[in-house]
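Okay, structure first, notes after.
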Amino acid sequence: MTKKEKVKAHLWTSGRWFALPFFGCSALIGSILAGGSLSELNTWLGFIAVALFMACGHSQNTYIDWAVGLDRGEEKSVEKGYTGGCGLISGGILTPREVIFNFTGWFILGLIPAIILCLRVGPYILIPLALGAAVPYFYTRG
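Residue 9 is where the sequence shown starts when you use my numbering, and the numbers rise one by one after that.
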C-alpha cells in the first residue's frame, strides 16, 4: 500500500463524500425551513459540521462493520462500487487503528463549527449532534 493510496483512503474513501449532496442538502433545507438563509454564517457552519460528521459516521461505520464481523473473511457486507468505504480494513487498505484515528479526526474537526454554532444559537444544537453521532452504531448493531 503506497502512501498516496493511504492518504486517499483517509481523506476520500472512508468519508464516502459521494453522499454529501444528500446530507448537505438536508442541512441547508433544514436551515431554510427554520428561518435561516443561504447568506447566513450559521447556515454554512451547520453545513460544514454536517459534512464533517457525515465523514466521521461513514468512517465509524467502516470500523463497526469490521469489529462486529460483517467485514471479516468470507462474511463481508455487500460492497458497491459507489460506496468505497466497505472493506477498507478487511481489504488491508487501512488498519483498525488507522480507521479509529480517522473517524476521531473527522469528529474533532466537526466539533469546531458545531461549537461555534452552539455559541451563536444555543445549546439545543447539541441534541441532533449527539443523536447523529450515535447513528453509525445503531445502524450496524440495531
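Note that beta-carbon positions come from the ideal geometry of N, C-alpha and C, so glycine has one too. Bear in mind the structure is a predicted one, so any value in this text is a computation, not a measurement.
- Residue 77 is not a Cβ neighbour of residue 111, given a cutoff of 9 Å.
- Counted as a single uninterrupted DSSP element, the alpha helix (DSSP H) harbouring residue 74 occupies residues 49 to 75.
- In the structure shown, the three-state DSSP call for residue 39 is helix.
- In this model, residue 96 and residue 115 are separated by some 19 Å (Cα to Cα).
- Here residue 125 carries a helix assignment [DSSP, helix/strand/coil].
- Residue environment for residue 103: exposed (fewer than 16 other C-beta atoms within 10 angstroms of its C-beta).
- Here residue 48 has 39 as same chain residues with Cβ atoms under 8 Å from its own Cβ, once five neighbours each way along the sequence are excluded.
- Under the three-state reduction of DSSP output, residue 34 falls in the helix class.
- Per DSSP, residue 147 is one residue of the alpha helix (DSSP H) stretching across 134 to 149.
- Distances from the CA of residue 98 to each of 125, 70, 117 were compared; the closest alpha carbon is that of 70.
- Using a 10 angstroms sphere on the CB of residue 23, the tally of other CB atoms reaches 16 or more, which defines it as buried.
- Annotation for residue 101: 17 place their beta carbon closer than 6 Å to its own, counting only its chain and skipping 5 residues before and after.
- In the structure shown, residue 101 adopts coil according to DSSP, grouped into three states.
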